[in-house]
Each structure stands twice: as structure tokens, then as C-alpha cells.
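Residue numbers 1130 to 2010, in the numbering used here, belong to the letters of the sequence shown in order.
Glycine included, C-beta positions come from ideal geometry on N, C-alpha and C.
The block underneath contains the structure these notes are about, expressed in C-alpha cells.
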Amino acid sequence: MKWYKLSVNEVINQLGSHANFGLTEDIAAQRLKKNGSNQLTDQQKPLWFMLFFKQFQDFMVIVLLIATFIAAYLGEFIDAIVIVIIVLINSLLGFFQEQKAERSLSKLKAMATPNAFVLRNGHWVTIPSQHVVIGDIVKLKNGDRVVADMRIISSTQLAIEESALTGETLPIQKTSQAIETQQLNIADQTNMAFMGSMVATGHGIGIVVATGMQTMVGQIADLIVQAPSQKTPLEKRLQHLGKVLIFISLVLTALVVLAGVWQGQPLYQMFLAGISLAVAVIPEGLPAIVTVVLSLGVQRMIKRKAIVRKLSAVETLGSTSVICSDKTGTLTENKMTVVELFTNNKSFQVSGGYGLTGSFTNATNQVESDMLNQLLMYSSLCCNAEMLDNNGNITLQGDPTEVAIIMAALKKDQQLVEAKTLTKVKEFPFDANRKRMSVVVKDRNNHYMSIVKGAPDLLLDCTSKLTLNGQVQSLSQQMKRQIQQQIESMANQAYRTIAVCMKPLPSPHALKIEQVESQLIFMGLIGMVDPPRREAKLAIKQCKDAGIKTIMITGDHAKTASAVAKSLDIISSEQQVITGQDLEVMSEEMLKQQVDHVHVFARVTPKDKLRIVQALQANGHVVAMTGDGVNDAPALKVSDIGVSMGKTGTDVAKEASDLILLDDNFATIVGAVEEGRNIYENIRKFIRYLLASNVGEILVMLFAMLAALPLPLLPVQILWVNLVTDGLPALALGLDRPERDLMQHPPRPVKEGVFARGLGIKIVSRGLFIGVITFLAFVMAFQNGAQSVAYARTIAFMTLVMAQLIHVFDCRSHRSVFDRNPFGNKYLIIAVISSIALLLPVIYFEPLQIIFHTVALTGTDWLGILLFSALPTLLFGFTRR
Ligand code: ADP
Ligand code: MG
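Pasting the structure below:
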């Protein structure tokens, strides 16, 4: 279908839609059912049994299965069956964990897909992009990802970047005019917008002509390759660590086996012992638990309103040393309210707060009153925010700065917003580089004029006249100074300031932006407040304690920025503020030297943000940077943690970011950093637990072989400990709550190894003690001649497991075990109880006694076991090492 050839009306008719009403919800629902959801092919979800079989790919599991065959071949059927059962239980646990991780990740993906703003039943509503159907009328604005193929039906400076389809990176200007050509390639269809392309500037409206796989991108199959899921640096490091440990453990296992054989142990026994020991000490499951813990952490972050787009960001968050945050909307509430107007060289106060009612300081005469009204009317005209009147129920929608302006006009007189004596003919939308927006309007007599509103200090340079007492006069130096003073005084009160200017235009033809925005007539100033978020102040204090620097970055006036920064305790008194102009004359080297001492950047452009990030990174910082616009994307990509805004951010910014804030709130970033730190520490906790346990196991075997004693632990016992009773406590450690000083020490250096800060020493020393204690328990029970070897083994088995289950509490803190309430982690309590519950049948249930070669123990035995097994943890707890 050649939609570009038809006129706008033809397209709308053919698609059964209506320009001012859109589709009805009923028809939309029917079409959704008929054509399917608007997305590119569903990535095949892994089937559940595939996930289950994946568990068997592990090297460890393969080794065990081979051992099973050998055992069966030698006629040791009980051993063979037990090994199979243990492997099954282990795979089942792994399967449930991975399924959980998988689910939380796909939920995450669903949350990150863009929304669309469409006209349904006569109302503009936001819907998930998958629900868009053919015939839907969709608004496009700068920064949006185009959600389906559409024919443009209206456009204002609309330019779309289509590199995903055409390879052309320059944005293409789009209009609504029909094109009379038989054959046009995509790049020349200037009245169409295609799925996956990006609105670079301006805004417009389109009607959907194709969705999902019927779109242009849908037809180019290779574009749909999914990015492979990346392993995080920590996962990679652990994989490497795993390989090293495999090597070490194989050597140690060989040592144990050789020592055993040399001391005359039966060959088959030693073979199984070797296999079990190797399985025991190889932390094959580690990377899997890490993934599970990371993804569960991600879920916790969602509850705290932070969406992580890449798992690796969780780790980086923990190392963040600088957070660069936008002021407006992130540190402040984005509830802007006009409180002061300045016109006719006079200030007018506006009362009433955030809302539609309020009053103004009285004007002294009619001329002044007219000027005030004109200021409000013109500035509302120069806005893209809209007033929606639903049977007298008025709501405002759009950029908060503009909403504030319209709100002020409504407070004065609804007519100022509704009267249509002037019509917009052209618009140059606001952009963060120019820091202003202009419209060209015409009155009933076809007289044209431009209205410009924007950052006053910059706009004043384009101004040559002003209105005073209703008369246009040239702007004297003295008047200019007075206006500047007024701007400063507003800014000092933390007001966001806007100047409004106009000028009559002789002819509307071929208007260039330079003509529209020069030689202007100054009309007045608008000052608005935007209260700082209450949580932000606390979060900034938290950052300070945690050795994280907060930098405020804003397009606002330097004085406004510094007043807000002061009220948030980002700076004290008159600390330096660097402006965009300062940055222009600063070399990279100079910026690098200064950036460490600056906390506020004002009147910056998005390009400056990029330079700031790079300067900070050059100084070795790990930088989190917020942004919401199209132009912020480069800075978001370069920063270590790009942070975008869930509510006000553009699709482009979100795609470039690592973290999305659902509530646009600075405190949420700090919350995410806290989670990031906690997750990393928790991973260290269970690495510590698992490895110390392994060290203990291998040592007790080694000691016994060297001392020419029988095997202190049988292969099935070792397998049971490692594959069944160890996993739950490890996972519970991964879900542990943070230690109280988590946010009281500086961020972890990115390059820091897993075993840093004493973890390696702790693993070896605890492991050694667990090994020694278990060995002693075994020897004492063995030497008590009245009893069997099975009895001594049962004692050793229980001592080892109990020592581990007590030691797990030690792993919760980098300080003494007595520093934390042992009941503080309810998962751990449940895990330990479950592990014990899995253990007791093994020694008290007769059939299991036969399989595991155990005997029932008495109360006195248990007293001894508990005493022994608590010893290592108590000892280290008291010595506080
Ligand atoms: P920030 O997002 O850091 O507050 P902006 O780039 O949005 O900075 O705004 C910079 C300046 O541009 C503001 O101080 C204000 O003077 C002006 N400005 C902001 N929004 C608009 C708008 N919609 N129209 C005209 N001028 C605006
Ligand atoms: Mg802004």
C-alpha cells in the first residue's frame, strides 16, 4: 500500500479512523485481536524442561553421572541410586532458582518497553506500545521511538532519524503533504514515520498504517537479532576463579586419594571419595547463585522504583563515587508554580500555590493591567502544554514550566488561555541548547508577530526594545540593568525565570529562526518556584556519609541553581558555581583539575554534560549521570551509570540508560546505590561461606589420610552436604539485609578483587578451624573403641555440618559474629532449619541409615557435637579477627 500518495483525509477514511476522535476502544480491541500485538517476533522463551536439562550440562553433574555408571558396573547399586537421587534434588533446586531469575528478568524487560500516546474515544491516553493498532492516531514528540509505521497527518518542525532502516544518520524533515510518485524508497517517503526510528526534533501526529511484523523493520528480519545477554564483570571474574579453584581442588583431591591408596584404603572407596571431594570443592554452582542473587536484587530495586536495564549495572552502582543529577524534577518536585511576574518595571506577586485558583497584586491602572494580561496571554500562546477541559474539569498536560505559565494565566482569567484571537502558524520548539522557544502567530487582520520565551539572561541579548506604560521604547542601558537586577533577585530566591518577548513580523514567508528571535521587544519576566524534594536532602546527606559526591547540573540560571543547591545542602554558602559560559573557555585539562571541587553546574547544555562526565572519569571516578532528553543520550551512554527518568524521560534517553527511575527521584538513585552495595556484599558473604566449607571438608579428609585413619566422611555424605544442605543457607546469605555501616564507608574501588578486605584470610582461617574441629571429633569418636567406624563417621558428618551451619552466621558480618542479631535474616533461619531437617532423617530414619551408613546419635553425642561445632565461630567471634 502506497500510503504516501494519499491525502491525509483519504488515509484516515481508509483506515476507518477519525482525526479528532481516533478509534473507539471496541474497534481497537478487535483489531488487536485480529492483527496481534504490535511487536517484533516474540523471542522464544526457554521451555521449562530445557531449563531443567540445562542443569545437567554442568561439568560436575557429568562427572557424577559417570561415577554412577562405574558404581553400577561394579555392582554398587545403592551408591549409584543415591548419587542419581542427589543429582536430581540438586538439579531441581537449581531449576527453581533459575526459573525465578528468568521470570524477574522478563518482567524487567516488559517494564522497559515504551508507551504510546494515542487518541481513543476522543481522549488522548497513554498505552503500552504493544497495544497500538492500525488506524490509531499517535502523538510524536522529540525523543520518542516511533512505535509503528505511520502516515504523518500533522507536523511541527518534525524531523525523524531513520538510521535503523536507511543507514542515514541525519534526521529527515517530515510533512503531511501527499507525494505524487509511483515508486519511492523509504528514505524519500517524507510523510511517513517508520517503527524503530527516532523523533529527533519537533512534534507531530501520525496515523498507524502497519504494526508488528507488518512494519518495514518487521520485514527486515536480520534487524531483529536479540543482543546476547552479557555476563557481568563479577560473573566473569567468578568464572575465572572457578577455573583456578577447579585446578587447586583437583590437585588436593589427587593428594587425598594418593595418600589414601598409599595407606592401604580400598581402591573403589578412594575412587568414589575422590570424585565426591572434587565435586564438593569445585564451586560450580557459584556463578548460578550469583545470577540468581543479582536478579532477585533487581526485583528488590523495582520495589524501590528503580529499574535496572543491565545486570552489570547492579555491580557498578555499588562502586559509584559521583552522582551528577539534574536539578529540575529530580532534586525538585517538578511542581512549578508562578509566584512573581515583572512587567512595566514592576513586580506582581501571585498567590494560591500549585493549583488553578489564586490572586495577583493589583495593577495601579488600566494600562498596567492590560500589560499584565498580555504577558500572560502571549506566554500561554508560546507553549506546547495544553489545557484539557472535560466538562468544566480542567487538567493541564505538558512541560511543567509551561503548565505553570498556563496555570498562572488561568488564575487571572480563563479567557486569556481560551480566546482565539491569535492563531499559531509556526513554532520553533524549546531546546536545551537555545534555552528558548518561539511561535509565530497571526491575528484576525492577518498581521503576524513572533512571541519568544526563554532564559532571560540569554534572551536579553536578543532584545532591543521594551514596552513601558503600553508604549514600545528602545531599551536603554539603564533599563537593561534594572531588568538584569530583577532577574538576579528572582534567581536568588531560587526562582526559575523566564523572559517573554515579541515583535511584529512584516511577512510570514521563509521565516528563519534568526529573524524570529532577534531585535525583540521585551514584555516581562515570569518567576516560578519548584520546591526541593524533601527526600532529596536526606539522600544527599546519605551520599556524603557514603563518600559519594553529589553534583547538581542544570540549565537554569546560576543564582537559581546555587539557591536550590544551598537549600539541599549540596553546597554551603558561596561555593563556586560553574556555568556553561565558563565551560566554553575551559580546556579539558583545566576542567579535569577543577571538576573535583565543583558541586554545581548551571546554564549548561547537554554537550557540557558529556564533558563533565569525561573529566570526572579521567580523575578515576565512577559516574552516575541523569538525563531525560534526546541530547542527553551521549552523556548517558558514556557515564558508568546512565540514569533516565521514567515519567518525563524520552524513549531515547531511556534506551541509552542503565537505570530508569520510575519516580524521577534523586533519592531513588541513592536507594539503588545502596542496593548495589548490599548485593555485592551479600555475594561476598556466600562466597565466603561456600569456600570456607569446602576448605574444611577437604582438610578433614586430608588429615585423616595422612594420619592413616579410615575415611572420616563417606562419598554420599560429602555429596549430601554439598549438593543439598549447603545451597539454601548460601542463597539466604545472598538475600541478607545490609550491615548498618553499608552507607558509611567510601565506595568500593572498581578493580577491587572478590577476596579483598580480608575475605581470603577469613575463608582460609575459618575453613582450617572447621577442618581441624571435625577431624578431632572424628578421632575422639574413633578412639572410643566401644563404637563402630560408622559411629565416628556420623559424629564427624554432624560436626562438619553443624560447624558450617553455625559459621554461616559469622559470614553475615565483616565484624564479629556477635555484632549482628542472629535472627535478623529470617530466610537464613528458615534455611538453617530446613538444612537440619534434611539432615536428621539421614541419621534417624532406618532406610536412610543404611544408604548413608550412619547410626542414631544420643543426646550426649549431640552435646559434644554442638560444643565442638560452635568452637571455630565462637573463637573468631571473641578475638574479633
Ligand atoms: P533544567 O532541565 O536543568 O531545569 P532546562 O534546559 O529545562 O534546564 O531549562 C533551562 C532554561 O530554559 C530555564 O531556566 C528556563 O529559563 C528556560 N526554559 C525551560 N523550559 C522552557 C520552555 N518550555 N520554554 C521556554 N523556555 C524554557
Ligand atoms: Mg528541563
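- Assigned with DSSP and collapsed to three states, residue 1699 falls in coil, not helix or strand.
- Here the alpha carbon of residue 1682 sits roughly 9 Å from the alpha carbon of residue 1755.
- Residue 1581 is positioned such that its CB atom lies no closer than 8 Å to that of residue 1537.
- Around the beta carbon of residue 1954, 16 or more other beta carbons sit within 10 angstroms, so the residue counts as buried.
- Of the heavy atoms belonging to the ligand ADP, at least one sits nearer than 7 Å to the Cβ of residue 1684.
- Short note on residue 1565: C-beta closer than 7 Å to some heavy atom of the ligand ADP.
- Taking 3 residues as the minimum length, the beta strand (DSSP E) runs contained wholly in the stretch 1269-1309 are 1278-1290, in order along the chain.
- The beta-carbon separation of residue 1164 and residue 1340, rounded to 6 Å, stays under the 8 Å limit for a contact.
- The beta carbon of residue 1788 is closer than 8 Å to those of 1435, 1436, 1437, 1438, 1442, 1446, 1753, 1770, 1771, 1772, 1773, 1798 and 1801 in its chain, skipping five residues each way along the sequence.
- Distances from the CA of residue 1567 to each of 1765, 1574, 1865 and 1579 were compared; the closest alpha carbon is that of 1579.
- Under the three-state reduction of DSSP output, residue 1974 falls in the coil class, being neither helix nor strand.
- The beta carbons of residue 1620 and residue 1689 sit closer together than 8 Å.
- Taking the CA atoms as reference points, residue 1645 sits about 48 Å from residue 1448.
- Restricting attention to 1549, 1927 and 1928, the CA atom closest to the CA of residue 1572 is found in 1549.
- Relative to the non-hydrogen atoms of the ligand ADP, the Cβ of residue 1761 never comes closer than 7 Å to any of them.
- Assigned with DSSP and collapsed to three states, residue 1483 falls in coil, not helix or strand.
- Of the candidates 1269, 1199, 1704 and 1831, 1831 places its Cα closest to the Cα of residue 1391.
- Within the same chain, Cβ atoms closer than 7 Å to the Cβ of residue 1329 are found at 1271, 1288, 1289, 1290, 1300 and 1759, the five residues on either side in sequence being excluded.
- Excluding the 5 residues flanking it on each side, residue 1604 has same chain C-beta neighbours closer than 7 Å at 1592, 1593, 1594, 1595 and 1651, in chain order.
- Contact between residue 1336 and residue 1144 holds: their C-beta atoms lie close to 6 Å from each other, under 8 Å.
- Put simply, the backbone Cα of residue 1399 is about 7 Å away from that of residue 1389.
- Going by DSSP, residue 1577 is part of no alpha helix (DSSP H) but of the beta strand (DSSP E) stretching over 1577-1583.
- Distance from the Cα of residue 1614 is smallest, within the candidate group 1589, 1583 and 1631, for 1589.
- Put simply, the stretch 1908-1919 does not touch the stretch 1705-1712. Fewer than three CB pairs are less than 8 Å apart.
- Residue 1863 and residue 1870 have their alpha carbons spaced roughly 18 Å apart.
- In this structure, residue 1515 has its CB at a distance of at least 7 Å from all heavy atoms of the ligand ADP.
- When Cβ pairs closer than 8 Å are counted between the two stretches, the stretch 1406-1424 is seen to touch the stretch 1218-1230, the count reaching three or more.
- In this chain, residue 1132 is not harboured by any alpha helix (DSSP H), its DSSP state being neither H nor E.
- If you draw a straight line from the Cα of residue 1155 to the Cα of residue 1262, it comes to about 12 Å.
- Taken in chain order, the unbroken stretches of alpha helix (DSSP H) that lie wholly in the stretch 1830-1874 and span 4 residues or more are 1844-1849 and 1856-1863.
- Apart from the 5 residues on each side of it in sequence, residue 1982 sits with its Cβ closer than 6 Å to the Cβ of 1843 and 1919 in its chain, given in chain order.
- A residue is called buried once 16 or more other Cβ atoms fall within 10 Å of its Cβ, and residue 1232, having fewer, is exposed.
- Here residue 1646 carries a coil assignment [DSSP, helix/strand/coil].
- Proximity to residue 1824 across 1899, 1265 and 1846 peaks at 1899, based on C-alpha coordinates.
- The continuous alpha helix (DSSP H) containing residue 1780 extends over residues 1780-1785.
- Contact between residue 1294 and residue 1345 holds: CB atoms are separated by about 6 Å, below the 8 Å threshold.
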